[in-house]
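What follows is a set of notes on a single structure, which appears directly below.
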Amino acid sequence: MTTTEAAGPPVTDHDSGHGETHGYHKQKDEHLKRLRRIEGQIRGLQRMVDEDVYCIDILTQVSASTKALQSFALQLLEEHLRHCVADAAVKGGEEIDAKVEEATKAIARLLRT
Numbered sequence: 000m001t002t003t004e005a006a007g008p009p010v011t012d013h014d015s016g017h018g019e020t021h022g023y024h025k026q027k028d029e030h031l032k033r034l035r036r037i038e039g040q041i042r043g044l045q046r047m048v049d050e051d052v053y054c055i056d057i058l059t060q061v062s063a064s065t066k067a068l069q070s071f072a073l074q075l076l077e078e079h080l081r082h083c084v085a086d087a088a089v090k091g092g093e094e095i096d097a098k099v100e101e102a103t104k105a106i107a108r109l110l111r112t
């Protein structure tokens with residue numbers, strides 16, 4: 000998906016190969032921190048099961064973890080719309096249609112979860 004930082008800006012599977020970055024690039028450190036926190040929640044779930052914690056307590060933690068992932072997904076989607084889709088709209092042509100279709104499918108996947 001991306002090249003190493005030493006080689007320059009990341010190149011995506013969805014760009015023209017000219018070193019374009021993803022919409023989340025400016026908040027990458029914040030996103031990684033948030034994902035590490037979610038990872039900790041998931042590890043907590045494993046520990047709770049291992050320690051035979053009460054079912055409802057585990058389900059409460061599952062709910063919190065799910066909400067955290069959904070919140071992350073919505074933020075990422077917003078950044079995609081503001082950056083990738085907006086950029087495609089400026090360029091026009093078939094690219095905007097493809098980006099809107101791609102975003103619509105991503106939203107549909109999120110709604111199914």
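Under numbering that gives the first Met the number 0, the residues of the sequence shown are numbered 0 to 112, in order. C-beta atoms are modelled at their ideal positions from N, C-alpha and C, and glycine is treated no differently.
Task: Residue range of the unbroken alpha helix (DSSP H) whose run includes Arg35 - done: Membership of Arg35 in the alpha helix (DSSP H) is indicated by the continuous run Lys27 to Asp49.
TODO: For Thr20, name the three-state secondary structure that DSSP assigns.
DONE: coil
Task: Extent of the continuous alpha helix (DSSP H) run through Arg112 - done: The sequence shown places Thr at residue 112, rather than the Arg named in the question. Where Thr112 is concerned, there is no enclosing alpha helix (DSSP H), because DSSP gives it neither an H nor an E.
Open item on the list: Taking the alpha helix (DSSP H) that Val61 belongs to, which residues open and close that run?
Closed with: Cys54 to His79
Task: Contact the region 23 to 37 vs the region 83 to 101: 3+ CB pairs below 8 Å - done: Contact between the region 23 to 37 and the region 83 to 101 is absent, because fewer than three Cβ pairs lie under 8 Å.
- [ ] Measure the C-alpha to C-alpha separation of Asp56 and Lys104 and round it to an integer number of angstroms.
- [x] About 34 Å.
TODO: Report the rounded CA-to-CA distance for Thr59 versus Ala87, giving the unit in angstroms.
DONE: 41 Å
- [ ] With a 10 Å radius around its C-beta and 16 neighbouring C-beta atoms as the bar for buried, classify Ala5 as buried or exposed.
- [x] Reliability fails at Ala5, whose pLDDT of 38 lies under 50, so the model's placement of it is uncertain and no value is given.
Task: Close Cβ partners of His82 (< 6 Å) along its chain, the five nearest in sequence each way excluded - done: Gly22
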